[in-house]
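Residues 1 to 244 in this note's numbering are what the sequence shown lists, from first letter to last.
Yeah, the Cβ is synthetic: ideal placement off N, Cα and C, and Gly gets one too.
All values reported here derive from a predicted model rather than from experimental measurement.
What follows is a set of notes on a single structure, which appears directly below.
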Amino acid sequence: MGAATARRCVAAGARVVVTDVLVEEGKATAKELDARFVEHDVTSQDAWAAVVAETLETYGGLDGLVNNAGIATMLPIEEQPLEEFQNVLQVNLVGTFLGLKAVAGPMRERGGGAIVNLSSVAGLFALPMTGGYGASKWGVRGLTKIAALEFGRDRIRVNSVHPGMIVTPMTQQLGAVSGEGTFRLAAAGRWGEAEEVAEAIVFLLSDAASYVTGAELAIDGGWTAGEGSLLPPPQKPQPKSQGV
Numbered sequence: 001m002g003a004a005t006a007r008r009c010v011a012a013g014a015r016v017v018v019t020d021v022l023v024e025e026g027k028a029t030a031k032e033l034d035a036r037f038v039e040h041d042v043t044s045q046d047a048w049a050a051v052v053a054e055t056l057e058t059y060g061g062l063d064g065l066v067n068n069a070g071i072a073t074m075l076p077i078e079e080q081p082l083e084e085f086q087n088v089l090q091v092n093l094v095g096t097f098l099g100l101k102a103v104a105g106p107m108r109e110r111g112g113g114a115i116v117n118l119s120s121v122a123g124l125f126a127l128p129m130t131g132g133y134g135a136s137k138w139g140v141r142g143l144t145k146i147a148a149l150e151f152g153r154d155r156i157r158v159n160s161v162h163p164g165m166i167v168t169p170m171t172q173q174l175g176a177v178s179g180e181g182t183f184r185l186a187a188a189g190r191w192g193e194a195e196e197v198a199e200a201i202v203f204l205l206s207d208a209a210s211y212v213t214g215a216e217l218a219i220d221g222g223w224t225a226g227e228g229s230l231l232p233p234p235q236k237p238q239p240k241s242q243g244v
């Protein structure tokens, strides 16, 4: 979703710095968008300082941040190694925390800004087999609201988005496919596209969302709308035959 978001930001007129721990993939996206690239381990406070410094040197200011880095594992709690659990929290939650710390000062000096943190539907309701991932995404949801309260008087808005089942290169390896009828648990009946998440993120970054902060936006095709999404889709009524 990071590449899709960067593309949509550039299309909206933003100048972006693309960051990734995967250097070749990140460089390719940056080259495509004529943007800057910085190798970035989100679990490192020094790496965050370097990214912010590069952004300020290149563009003279910092107006927005998308905390998009994330990893996932699927294991029962009893079977998940402690090291794996801690690694997921380091990337997903601690990485978000460090990002908030790193950009708050420059945004304050700029007169404000907008931050979007990537949580998940797993941060809205419990999903089995997601001990580390779910815990991290619940944490991102809460951290977003705390930051919104702390940063609000400095005109810095902080919101979280909660994607459902989205087609990305990672989920495609697990069998994700586009098209109607591919995900029956969602009211929309399909997997979402990364571009649909990107559109929502750009809205939250923009002045169009100037009175939106501390909010959580589910981008899940109605998956979390209620138990009705677990039921088969309603059948169209059959036309009644006319007697003669």
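Residue i to residue j span [Cα, whole Å]
i, j, result
"V10", "V16", "7 Å"
"L93", "R141", "10 Å"
"Q80", "I219", "28 Å"
"L22", "G2", "12 Å"
"R7", "L33", "7 Å"
"V244", "A188", "Unreliable positioning characterises V244 in this predicted model, as indicated by a pLDDT of 39, which lies under 50. The coordinate reading is nonetheless provided below. Cα-Cα distance, rounded: 41 Å."
"L82", "D207", "42 Å"
"A47", "W191", "34 Å"
Start and end residues, beta strand (DSSP E) containing residue i
i, result
"A332", "In the structure displayed, the chain extends from 1 to 244; residue 332 sits before or after that span and is not available."
"P106", "Note, P106: premise wrong, no beta strand (DSSP E); alpha helix (DSSP H) at 95-110."
"N159", "156-163"
"V17", "17-20"
"N67", "64-67"
Given residue i as reference, the closest of the options once Cα atoms are compared
i, options, result
"G164", "G105, E84, D63, R184", "R184"
"A209", "A50, T19, R157", "R157"
"E78", "M129, A188, D207", "M129"
"A126", "W223, D20, A28", "W223"
"A35", "A49, A225, T19, T43", "T19"
"G221", "L204, A186, Y211, L205", "A186"
For residue i, the first and last residue of its enclosing alpha helix (DSSP H)
i, result
"R8", "2-11"
"F183", "Careful: F183 lies outside any alpha helix (DSSP H) and carries neither H nor E."
"F151", "131-151"
"F85", "82-89"
Cβ-based neighbour list, residue i, same chain, cut-off 7 Å, excluding 5 preceding and 5 following
i, result
"F85", "G131, G132"
Sequence-distant residues of the same chain with beta carbon closer than 8 Å to residue i, five excluded per side
i, result
"M74", "M129, T130, Y133"
With a cut-off of 8 Å, do at least 3 Cβ pairs link the region 198-205 to the region 96-116? yes
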